[in-house]
Every structure is written in structure tokens, then in C-alpha cells.
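Here's the structure, in C-alpha cells; my notes come after.
Residue numbers (the UniProt record's numbering): 1 to 294.
Shown next, in the form of C-alpha cells:
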């Protein structure tokens, strides 16, 4: 059931809510998921999908892809000889985050800490609830008007207030280690936010997605994208996907090629003889010959 819903979610580019809501309306989807009779109720809660993905991990999802490749070979959608030549490239998988700005991130971090403090009965000296919203709006208006000196002044205020909130919480919880453990993650993110500079690498771009990276792929309409890099390998003839990897950070494309080819061999059981890549792989030649191991 869940494997079928995961495949449908990927094929139709749907969210977890959408795929669960539309499932009762489609008899073909229900048959794919193993149902014998038509059902009018939702099959499961949408959170079960994300929990299941976390539980099976990378190996489980690779098994699903391997099964898809086997099915493609069985139905002759892809020929076995096509597995010898593959095209490999990387792309960005964008995350569902707001465009990151210093003012919004600093204020959001303070709001999350204040909310957590309220939940665990930690009395703060000041929450800056009203002032925070006003200063974020001012910073946005000054940036739009290109009054950057005034904008930086507002950001400095937000940074100061976040620092005060962090120190206040640490003082209040110094003798409450059991409660402190619930604040560790948020305090760590806040400190990371306070420490980072405009030109730093591996910056924090979203509090709910701390592993998001800023990636530039040279697109004219979209200079920067926020998400994670993904490597995709397809057969050169049918463009049938035979490998895909999620890459942490923003690694150089040439360093990801070896891992991509090893995954193709692992999933298909056949070592590619030739791999085609673009100029983004730099030091790796555009046509890569792969010697057969005797």
C-alpha cells in the first residue's frame, strides 16, 4: 500500500496530502496499491508516508528503484544492452522554504525560542514580540528603497534581541538540565545564525530545513536555488532512470561521478562501459571510458 502511494506521489508530483486525498477517487490507483474492492475512505494518514520513508531509509528506496529497473527490462521498455551506455548529470531538488533573508531568519529564530520557553514555563525578561514584527517590516522596506545603512541597523537590532533571548534562556535553565535538553536544538540553530557572516560557506537558510544548501547552476532566470543536489543516471538510448542519489551540501560534480556509476552497477548488475557527462564535470572528460574489470 505505502510503496504504491510513494510511487504515485513521485510519478504525479503530488504532496503527501494530495496523494492521500485523491486515492479514494481513483480505482486505478487503488488496484495498483493492491485493493480488490473500491474504497471510499482514505487509506492512511499522510504522516505515515514520511514515517515509512524514514524507517526504510536509503536502502529501502534503492530497492524500489531496482524493482522498477527490473520491471522495465521484463516489459522491454529498456533493453539490457542499453545499460552499457549511461548519461549522468546533477540537478537541484528545491526545498519548500521562503527566500532566506537575515531579518526574517533572526526574528523567526527568536519567535521559536519564545514559543518553546512559554511551553516549558521559562519566564523571559522580554520577548520582543511586538518590536520584532515591526523591525522585520522596516528592514524589508529599507531594502526595497535601497537604504541599506538603515536596513543594516534594523538587522543589528534583531541580532541583538536574539542574542539576549539565547543568553536569558541559558541562564534560566542552568539548574534545569532535564528541561534544557528540549532547547538544545533550537539554541544550536540560533547560535549558528548569530555566528554566520554574509560570505560564509554552509550558511543556515531555513530553521526547519537546516541542511539546505545554496546552489548556483548558471540558469539565467534563477541565479540561486535553495535545496540539495541530486545526481541522476539514465540510459543513453531510452533515458530510463537507472540511478539517483541525494548529495549533501554542494559537492563538485566530478567528485560525484564515481558514486553514481557504482550505484548503477549495484542496481542493474551490469557495469556501464561508457558514461556521458557535461562540462560541469570539469576535470572529468566529457566522454568517460570505463574499463571492464577482468
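Beta carbons: idealized from backbone N, C-alpha and C, even for Gly.
So, using beta-carbon positions, are residue i and residue j closer together than 8 Å?
i, j, result
"residue 65", "residue 2", "no"
"residue 227", "residue 115", "no"
"residue 224", "residue 97", "no"
"residue 132", "residue 164", "no"
"residue 189", "residue 166", "no"
"residue 106", "residue 162", "yes"
"residue 23", "residue 7", "no"
"residue 175", "residue 215", "no"
"residue 257", "residue 277", "yes"
"residue 179", "residue 128", "no"
"residue 211", "residue 248", "yes"
"residue 44", "residue 112", "no"
"residue 30", "residue 19", "no"
"residue 275", "residue 88", "yes"
Starting from residue i and walking both ways along the alpha helix (DSSP H), at which residues does that stretch end?
i, result
"residue 178", "177 to 180"
"residue 57", "47 to 74"
"residue 108", "102 to 119"
"residue 21", "16 to 22"
"residue 247", "Per DSSP, residue 247 belongs to no alpha helix (DSSP H); it is in the beta strand (DSSP E), 241 to 247."
"residue 156", "148 to 172"
"residue 218", "First-last for residue 218: undefined, no H or E at that position."
"residue 225", "Run containing residue 225: none in the alpha helix (DSSP H); it sits in the beta strand (DSSP E), 225 to 235."
"residue 193", "184 to 195"
Grab the span of the beta strand (DSSP E) containing residue i for me, first residue to last.
i, result
"residue 277", "Per DSSP, residue 277 belongs to no beta strand (DSSP E) and is neither H nor E."
"residue 95", "That residue, residue 95, is in no beta strand (DSSP E); it is neither H nor E in DSSP."
In chain order, what residues of the same chain have a beta carbon less than 7 Å from the beta carbon of residue i, not counting five sequence neighbours either side?
i, result
"residue 151", "139, 142 and 143"
"residue 242", "69, 83, 86, 233, 234, 235, 264, 267 and 268"
"residue 157", "135"
"residue 117", "124 and 169"
"residue 194", "159, 162 and 163"
"residue 72", "78 and 240"
"residue 154", "103, 135, 138, 139 and 142"
Can you give me the Cβ contacts of residue i inside the same chain, cut-off strictly under 6 Å, excluding the 5 residues immediately before and after it?
i, result
"residue 93", "227, 228 and 230"
"residue 280", "253"
"residue 99", "none"
"residue 222", "none"
Do you know offhand how far residue i's Cα is from residue j's?
i, j, result
"residue 108", "residue 233", "39 Å"
"residue 63", "residue 69", "10 Å"
"residue 181", "residue 237", "54 Å"
"residue 173", "residue 103", "27 Å"
"residue 16", "residue 213", "23 Å"
"residue 191", "residue 75", "54 Å"
"residue 77", "residue 220", "35 Å"
"residue 25", "residue 147", "53 Å"
"residue 287", "residue 145", "For residue 287, the pLDDT reaches just 46, beneath the cut-off of 50, and the residue's location in the model is therefore unreliable, although a value from the coordinates is still provided. About 50 Å."
"residue 185", "residue 39", "42 Å"
"residue 67", "residue 196", "44 Å"
"residue 299", "residue 41", "For the chain, the structure presents residues 1 to 294; residue 299 sits outside this window and is missing."
"residue 60", "residue 54", "9 Å"
"residue 244", "residue 198", "32 Å"
"residue 56", "residue 47", "15 Å"
"residue 282", "residue 101", "32 Å"
Does residue i pass the burial test, meaning 16 or more other C-beta atoms within 10 Å, or should it be called exposed?
i, result
"residue 240", "buried"
"residue 183", "buried"
"residue 21", "exposed"
"residue 28", "exposed"
"residue 137", "exposed"
"residue 292", "With a pLDDT of 41 at residue 292, under the threshold of 50, the predicted position of this residue should be treated as unreliable, though the coordinate-derived value follows. Result: exposed."
"residue 36", "exposed"
"residue 272", "buried"
"residue 11", "exposed"
"residue 126", "exposed"
Among residues of its own chain, excluding the 5 on either side of residue i, which ones have a beta-carbon nearer than 8 Å to its beta-carbon?
i, result
"residue 34", "1 and 4"
"residue 202", "213 and 249"
"residue 90", "229, 230, 231, 232, 247, 253, 256 and 280"
Do residue i and the ligand ATP come close, with the Cβ less than 7 Å from some heavy atom?
i, result
"residue 245", "Of the ligands one can find in the structure shown there are none, so the ligand ATP has no counterpart to examine."
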